[in-house]
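Colleague:
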Amino acid sequence: MTHSTRTRAAERRDARAAAAAPGVDGAFTHRQILTIIAGLMVAMFLAALDQTVVATAIRTIADDLQGYDLQAWATTAFLITSTISTPLYGKLSDIYGRRPFYLFAIGVFVVGSVLCGLADSMYQLAAYRAVQGIGAGGLMSLALAIIGDIVPPRERSRYQGYFMAVFGTSSVLGPVIGGFLAGQTSLLGLTGWRWIFFINVPLGLLAFLAVYRVLHLPHTRRDHRIDWPGALALITCIVPLLVVAEQGRLWGWGSGRSLACYAIGAVGFVLFVLAERAYRDEALLPLRLFGNRSFTIASLGSVVVGAAMFGGLLLLPQYLQIVHGSSATVAGLQMIPLVAGIMIGAMSSGVTISRTGKYKVFPLAGTTLMAVALLVLSFVVGAETSIWALVPFMVLLGVGLGFNFQPAVLAVQNAVPPSQMGVATSSVTFFRQMGATVGTAVFLSVLFSRLPVEIGESLTSAAATDPRVAQALQSGQLQAGSDLSDTSFIQDLPSYLALPFTTGFSDAIDLVFLIAAVVAAVGFLVFLFLPQLALSDKSGIQAAREAAQQQTAGDPSADEPADQATQAVGAAAPTSTAPPAGRPGDAAPHRHRA
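Numbering (the UniProt record's numbering), first residue to last: 1 to 594.
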């Protein structure tokens with residue numbers, strides 16, 4: 001390459017960066033925002049599609065790798081690394097900028113996808129899914145943080161509606177693509193399910209190129225210590241708890257292995273708190289954030305809503321597949337009413353928040369709709385319930401979920417200083433993931449502990465009224481204690497013999513829906529305490545620039561870039577604490593592009 005060619009390439013690169021840069025006041029044009037969001041949407045589609053596709057095909061994959069009883073570890077490994085890496089991405093991107101870490105997340109995700117497609121055993125697949133999870137942890141949380149950087153809170157919900165469209169599209173396409181590829185014995189010389197992972201490669205490259213070209217955000221860097229002790233303590237705390245959440249039902253919640261996980265997690269939690277206290281504002285998760293009432297309530301509410309959310313998202317597909325005999329692909333399509341509800345709720349709440357500036361009403365309305373929908377489903381769902389009878393309540397549940405997706409993140413971003421935008425955003429995502437994990441573990445534990453009881457009672461009742469069922473039980477053709485680890489046998493039974501099993505499944509799922517409704521009601525009580533603050537009309541970058549200008553002018557209160565929203569929290573929430581006026585030895589900021 002000649003010198004002139006290199007010069008022209010550098011000039012084109014600088015021109016792209018200049019075109020993507022904000023104005024003198026730090027504001028981005030609508031076109032610039034849409035360009036950046038388009039790049040983020042490709043990356044988010046990559047992550048969202050992968051989860052739905054893999055969930056659809058995991059049983060086929062496990063059977064092919066002769067590891068059906070090990071398939072939970074593939075899910076657990078991905079969950080562990082994606083959950084733990086989420087707050088790490090948030091903190092590091094606050095220090096060094098969003099762009100390098102978002103590109104890193106995409107690259108790691110693609111590498112992990114290639115490795116998953118080459119796996120020859122479930123142990124290898126679990127290890128490679130862990131690599132994938134490291135990348136996935138940054139794809140969602142950093143995208144939300146980037147939106148916080150470039151869009152003022154008052155307008156933010158309107159743009160986040162585009163992300164909900166990505167989620168809805170992937171929810172519909174995922175089961176179809178996963179079911180098709182998993183059903184192919186061979187495709188271009190490879191087993192069909194391997195293409196589930198290889199398809200991420202072109203999508204990942206497209207996402208990488210899009211983000212590389214359009215994402216050029218100004219960033220002020222301060223030299224900070226990296227909270228490695230806190231990161232290690234967090235791993236020590238979270239890993240055993242996630243493992244026991246996934247495996248506790250099989251081990252027994254009071255077994256020796258479960259107790260060991262509880263003990264290690266407790267020790268890790270204590271070490272994490274000590275590390276965060278020692279590192280203060282440089283901590284992975286600064287404890288001072290919990291003095292901000294908006295952050296505390298939004299985080300707690302995210303845990304509760306995350307748990308209740310999976311009561312519907314997890315159990316409705318199970319019900320459709322086991323009771324109605326739908327394939328994974330068909331069950332995914334039957335969930336379209338719920339997905340449509342989510343998109344309606346998310347986009348309508350976004351538009352309304354942009355117009356009115358009021359966000360507190362939506363998590364309250366959302367948790368109410370979720371509680372009502374789950375409560376009604378606990379009475380309506382039965383062995384012979386028509387799918388069409390479920391549609392209105394699926395839409396209602398979806399709208400409730402849609403109302404809850406944006407306001408918690410928006411409230412936190414509006415109430416924290418720009419310097420902590422990334423860690424605050426990723427923390428809300430982290431707590432929602434933890435809630436979803438705990439909720440999944442509890443709901444599945446309740447479901448599988450009640451199944452033998454409910455099915456046994458249903459078989460006894462059916463045998464008393466139908467001599468054919470009684471004869472099947474006496475002859476050994478049907479056993480009350482059948483192995484429920486594989487439910488496919490139910491679809492092969494005559495309808496009169498399958499009915500007691502589907503009735504037992506329905507009754508057990510009804511109980512779980514009822515518990516999920518109670519959890520959603522608790523979420524309503526939590527969000528009652530969420531402060532309603534005035535939404536700022538400045539983006540994170542604008543607020544950071546103003547703070548830097550005040551600091552240059554000698555205003556000591558601007559040493560920590562806290563915007564007006566942070567000061568408003570002090571009046572609205574007595575538990576809030578103002579940022580310190582400054583710390584001796586703070587390094588001078590350095591400007592660079594991230």
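All C-beta atoms, glycine included, are put in the ideal place defined by N, C-alpha and C.
Indicate the three-state DSSP secondary structure (helix, strand or coil) for residue 417 in the structure shown.
Modeller: Against the sequence shown, residue 417 aligns to sequence position 417. Three-state DSSP puts residue 417 in coil, outside helix and strand.
Colleague: Starting from residue 225, trace the alpha helix (DSSP H) in both directions and tell me its first and last residue.
Modeller: Start at 1 with the first residue of the sequence shown, and residue 225 comes out as number 225. That residue, residue 225, is in no alpha helix (DSSP H); it is neither H nor E in DSSP.
Colleague: Among the candidates 421, 448 and 496, whose CA atom is the shortest distance from the CA of residue 459?
Modeller: Residue 459 sits at position 459 when you count from the first residue of the sequence shown. It is 496.
Colleague: Could you name the residues that DSSP lists as bridge partners for residue 396?
Modeller: In the sequence shown, residue 396 corresponds to position 396, counting from 1. Answer by DSSP bridge pairing: none, since residue 396 is not bridged.
Colleague: Note down the Cα distance separating residue 526 from residue 431, rounded to an integer number of angstroms.
Modeller: Position 526 of the sequence shown, counting from 1, holds the residue named residue 526. Position 431 of the sequence shown, counting from 1, holds the residue named residue 431. Rounded to whole angstroms, residue 526 to residue 431 spans 14 Å at the Cα level.
Colleague: Could you give the first and the last residue of the continuous alpha helix (DSSP H) run that contains residue 200?
Modeller: As a working note, residue 200 is residue 200 in the sequence shown. Run containing residue 200: 200-214, per the alpha helix (DSSP H) assignment.
Colleague: Under 8 Å between the Cβ atoms of residue 428 and residue 412?
Modeller: Position 428 of the sequence shown, counting from 1, holds the residue named residue 428. Position 412 of the sequence shown, counting from 1, holds the residue named residue 412. Taking 8 Å as the Cβ cut-off, residue 428 and residue 412 qualify as a contacting pair.
Colleague: Expressed to the nearest angstrom, what Euclidean distance is found between the alpha-carbon atoms of residue 565 and residue 358?
Modeller: Position 565 of the sequence shown, counted from the start, is the residue given in the question as residue 565. Position 358 of the sequence shown, counted from the start, is the residue given in the question as residue 358. The pLDDT assigned to residue 565 is 39, lower than 50, so where the model puts this residue is not dependable, and the model offers no usable value.
Colleague: Which class does residue 218 belong to by DSSP, given the choice of helix, strand or coil?
Modeller: On the sequence shown, position 218 is the one that residue 218 refers to. Strand, per DSSP.
Colleague: Near residue 242, what residues of its chain come up, given a Cβ to Cβ distance below 8 Å and the 5 sequence neighbours on each side ignored?
Modeller: Residue mapping note: residue 242 aligns to position 242 of the sequence shown, counting from 1. Once the five neighbours on either side are set aside, the close Cβ partners of residue 242 are 76, 79, 80, 83 and 437.
Colleague: On the DSSP letters alone, give me the boundaries of the alpha helix (DSSP H) that residue 359 sits inside.
Modeller: Start at 1 with the first residue of the sequence shown, and residue 359 comes out as number 359. No alpha helix (DSSP H) holds residue 359; DSSP gives it neither H nor E.
Colleague: Determine the direct distance from the alpha carbon of residue 151 to that of residue 490, and round the result to whole angstroms.
Modeller: The sequence position of residue 490 within the sequence shown is 490, counting from 1. The sequence position of residue 151 within the sequence shown is 151, counting from 1. Distance between the alpha carbons of residue 490 and residue 151: 52 Å.
Colleague: Between the Cα of residue 262 and the Cα atoms of 240, 274, 393 and 543, which residue gives the shortest distance?
Modeller: For the purposes of this step, residue 262 is taken as residue 262 along the sequence shown, with counting starting at 1. With distances taken between Cα atoms, residue 262 lies closest to 240.
Colleague: Kindly indicate which three-state DSSP category residue 187 falls into: helix, strand or coil?
Modeller: Mapped onto the sequence shown, residue 187 falls at position 187. Correct three-state label for residue 187: strand.
Colleague: Just the Cα atoms here: how many angstroms apart are residue 570 and residue 425?
Modeller: As a working note, residue 570 is residue 570 in the sequence shown. As a working note, residue 425 is residue 425 in the sequence shown. For residue 570, the pLDDT reaches just 34, beneath the cut-off of 50, and the residue's location in the model is therefore unreliable, although a value from the coordinates is still provided. Their Cα atoms are separated by approximately 20 Å.
Colleague: Ends of the alpha helix (DSSP H) at residue 384?
Modeller: For the purposes of this step, residue 384 is identified with residue 384 of the sequence shown, where counting begins at 1. No alpha helix (DSSP H) contains residue 384, which DSSP labels as neither H nor E.
Colleague: Tell me where the alpha helix (DSSP H) around residue 532 begins and ends.
Modeller: For the purposes of this step, residue 532 is taken as the residue at position 532 of the sequence shown. That residue, residue 532, is in no alpha helix (DSSP H); it is neither H nor E in DSSP.
Colleague: If you measure between the beta carbons of residue 660 and residue 535, is that distance less than 8 Å?
Modeller: A question about residue 660 goes unanswered here, because the residues of the chain that appear run from 1 up to 594.
Colleague: List in chain order: all unbroken alpha helix (DSSP H) runs of 4+ residues lying wholly within the region 256-342.
Modeller: Fully enclosed alpha helix (DSSP H) runs of 4 or longer: 256-279, 293-322 and 328-334.
Colleague: Between the alpha carbons of residue 572 and residue 364, how many angstroms are there, rounded?
Modeller: Residue 572 sits at position 572 when you count from the first residue of the sequence shown. Residue 364 sits at position 364 when you count from the first residue of the sequence shown. Unreliable positioning characterises residue 572 in this predicted model, as indicated by a pLDDT of 33, which lies under 50. The coordinate reading is nonetheless provided below. Cα-Cα distance, rounded: 19 Å.
Colleague: If you drop the 5 nearest sequence neighbours on each side, which residues of the same chain put their C-beta closer than 6 Å to that of residue 290?
Modeller: If you number the sequence shown from 1, residue 290 lands on position 290. Cβ within range, chain order: 296.
Colleague: Can you tell me which of the three DSSP states residue 157 falls into?
Modeller: As a position in the sequence shown, residue 157 is number 157, starting the count at 1. Helix, per DSSP.
Colleague: So for residue 149, helix, strand or coil by DSSP?
Modeller: Translated into positions along the sequence shown, residue 149 becomes position 149. In the structure shown, residue 149 sits in a helix (DSSP, three-state: H, G or I).
Colleague: Can you have a look at residue 63 and say buried or exposed, based on whether 16 or more other CB atoms are within 10 angstroms of its CB?
Modeller: In the sequence shown, counting from the first residue as 1, residue 63 sits at position 63. Residue 63 is exposed by the Cβ-count criterion.
Colleague: Which of helix, strand or coil does DSSP assign to residue 494?
Modeller: As a position in the sequence shown, residue 494 is number 494, starting the count at 1. Coil at residue 494, not helix or strand.
Colleague: Along the chain, where does the alpha helix (DSSP H) containing residue 113 start, and where does it finish?
Modeller: Taking the sequence shown and counting its residues from 1, the one referred to as residue 113 is at position 113. Residues 98-117.
Colleague: Is residue 91 helix, strand or coil when you go by DSSP?
Modeller: For the purposes of this step, residue 91 is taken as residue 91 along the sequence shown, with counting starting at 1. If DSSP states are grouped into helix, strand and coil, residue 91 belongs with the helices.
Colleague: Tell me the DSSP secondary structure of residue 563 in three-state form.
Modeller: Position 563 of the sequence shown holds residue 563. At residue 563 the pLDDT is 41, less than 50, meaning the model places this residue with poor confidence and gives no usable figure here.
Colleague: Below 8 Å on the Cβ atoms is my contact criterion, and I expect residue 192 with residue 183 to pass it. Report the Cβ-Cβ distance as a whole number of Å.
Modeller: Locating residue 192 in the sequence shown gives position 192, counting from the first residue. Locating residue 183 in the sequence shown gives position 183, counting from the first residue. Rounded, the Cβ-Cβ distance is 7 Å, consistent with contact.
Colleague: Are the beta-carbon atoms of residue 48 and residue 166 separated by less than 8 Å?
Modeller: The residue labelled residue 48 in the question sits at position 48 within the sequence shown. The residue labelled residue 166 in the question sits at position 166 within the sequence shown. The answer is yes: Cβ separation under 8 Å.
Colleague: Identify, in the order they occur along the chain, each residue of the same chain with its Cβ nearer than 6 Å to the Cβ of residue 312, setting aside the five sequence neighbours on each side.
Modeller: Start at 1 with the first residue of the sequence shown, and residue 312 comes out as number 312. Same-chain partners within the cutoff: 397.
Colleague: Using DSSP with H/G/I as helix, E/B as strand and the rest coil, what is residue 73?
Modeller: As a working note, residue 73 is residue 73 in the sequence shown. Residue state, collapsed to three classes: helix.
Colleague: Using C-beta distances below 7 Å, list every residue in its chain close to residue 158, excluding the 5 sequence neighbours before and after it, in chain order.
Modeller: The residue you call residue 158 lines up with position 158 of the sequence shown. Hits under 7 Å: 350, 351 and 354.
Colleague: Is the Cβ-Cβ distance between residue 370 and residue 308 less than 8 Å?
Modeller: Numbered from 1 along the sequence shown, position 370 holds the residue referred to as residue 370. Numbered from 1 along the sequence shown, position 308 holds the residue referred to as residue 308. Yes; because the gap between Cβ atoms is below 8 Å, this pair is in contact.
Colleague: Of the residues 324, 523, 409 and 435, which one's Cα is nearest the Cα of residue 385?
Modeller: Translated into the one-based positions of the sequence shown, residue 385 becomes position 385. The candidate whose alpha carbon is nearest that of residue 385 is 324.
Colleague: Using a Cβ-Cβ cut-off of 7 Å (strictly less than) and excluding sequence neighbours within five positions of residue 450, which residues of its own chain qualify?
Modeller: In the sequence shown, residue 450 corresponds to position 450, counting from 1. Cβ neighbours of residue 450 beyond the five flanking positions: 508 and 511.
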